[in-house]
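First residue of the sequence shown? That's -8 in the working numbering, and the numbers climb one at a time after it. Every residue gets a Cβ at the ideal spot worked out from N, C-alpha and C, and that includes glycine. Quantities reported herein were computed from a predicted structural model and do not represent experimental measurements. Presented below is the structure to which this report refers.
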Amino acid sequence: MALNHALSAIIALISVLCYYNSCYCGFVFDDISAIKENRDLRPHSPLINIFFNDFWGTPMHKEGTHNIVNTNLCHNHHPDTRKLGRQAISNMCKRKAVEDISEKPSKIINKEVVTSSFKNAIIVQDLDLVRHNMNRNRNKAFSKIPQNITDVHQTIATTLQLLTDRGDCFLLENDHINNIIIFGCNSNLKCLSESTTIYMDGTFTYCPKFFYQLFSIHCLNRGHYIPLIFCLLPNKLSSTYEIVLKNLLQYRIKLIFRCIQKQ
């Protein structure tokens, strides 16, 4: 009990001395942030210099001068091997999570842990943090989920780069007026133009949100049915199909139709 009273008295005395020193230098500690930003405004009495040095880690100054007389740059604690290992593995996993978005995070983590020199310092909780960082970094590489059909057209036009494995553009038409999106590439158009028989099909069950059907065009090549053109349509009106075919004709492909309807 006596020790608590003594400590309280010492703290009260220090507060009084700090207030006296601050008033003597022309200000009180009403705005610590302003003093912290402007070092020239700080008082230069020994007591206040000790306070600033302990609170902000800044070097002490001589009274009335700006000459550094004491600086504590001692850094003598041992390195945190676990923290360093987690950071190294996390950085590698985050980079590979963006480079290969189809790879499972667990597979990337296992591969990095096996080849890392810090594998003996990593625990299960560290791997959970690494997986969280990977997912957060991978989500940054993706665009936000569209909330309406306008967002879909905007995302395709400005954000997504739809390319084939050969580097060809896979987007033929992004019609935001009629809400029609046509996917395909030049090689598919060439194959479509050279085909003597083509097939058209529409599915309504497995259609993306905000669209009514997924309409596709196939060809018969060497005994195999090959899908060439994929269209997201807002309805199944004949006028909508006409718009799709007219958009394909603008690529100067030769389409000669002989309609054969399945019974």
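The beta carbon of Cys182 lies closer than 8 Å to those of Cys210, Asn212, Ile217 and Leu219 in the same chain, with the five residues before and after it left out. When beta bridges are read from the DSSP output, Cys222 appears opposite Ile173 and Phe206. Ile140 is positioned such that its CB atom lies no closer than 8 Å to that of Thr231. Taking the C-beta atoms as reference points, Arg122 is found nearer than 8 Å to Ile100.
For Tyr232, the enclosing alpha helix (DSSP H) stretches over residues Ser229 to Leu240.
Note: Glu164 is bridge-paired with Ile173 in the DSSP secondary-structure output. Within 10 angstroms of the beta-carbon of Cys84 lie 16 or more other beta-carbons, which makes it buried.
Between Asn226 and Tyr197, the C-beta spacing is not below 8 Å.
Counting of Cβ neighbours within 10 angstroms places Cys160 among the exposed residues, the total staying below 16. Counting C-beta atoms within 10 angstroms of its own C-beta, Lys98 has fewer than 16 neighbours from the protein chains shown and is therefore classed as exposed. Judged by DSSP secondary structure, Asp91 falls outside any beta strand (DSSP E); it is assigned neither H nor E.
For Asp117, no beta strand (DSSP E) segment is defined; the enclosing uninterrupted segment is the alpha helix (DSSP H) at Val115 to Ala132. Counting only the Cα atoms, Phe109 lies some 16 Å from His69.
Taking the C-beta atoms as reference points, Ala112 is found nearer than 8 Å to Gly76.
Shortest Cα-Cα distance from Ser178 to any of Asn67, Asp156, Asp166 and Ile234 involves Asp156. Within the same chain, Cβ atoms closer than 8 Å to the Cβ of Glu94 are found at Lys87 and Ala88, the five residues on either side in sequence being excluded. In this structure, the beta-carbon distance from Asn130 to Ile147 does not fall below 8 Å. When beta bridges are read from the DSSP output, Ile80 appears opposite no residue. Along the stretch 131 to 159, the alpha helix (DSSP H) occurs as fully enclosed runs of 4 or more residues at 140 to 149, listed in sequence order.
Non-local beta-carbon contacts of His167 in its own chain, meaning distances under 6 Å to residues more than five positions away in sequence, involve His144 in chain order. Taking C-alpha positions only, Gln138 is separated from Ile189 by approximately 35 Å. The alpha-carbon separation between Gln241 and Asp142 amounts to approximately 26 Å. Assignment of beta-bridge partners to His215 by DSSP yields Asn212.
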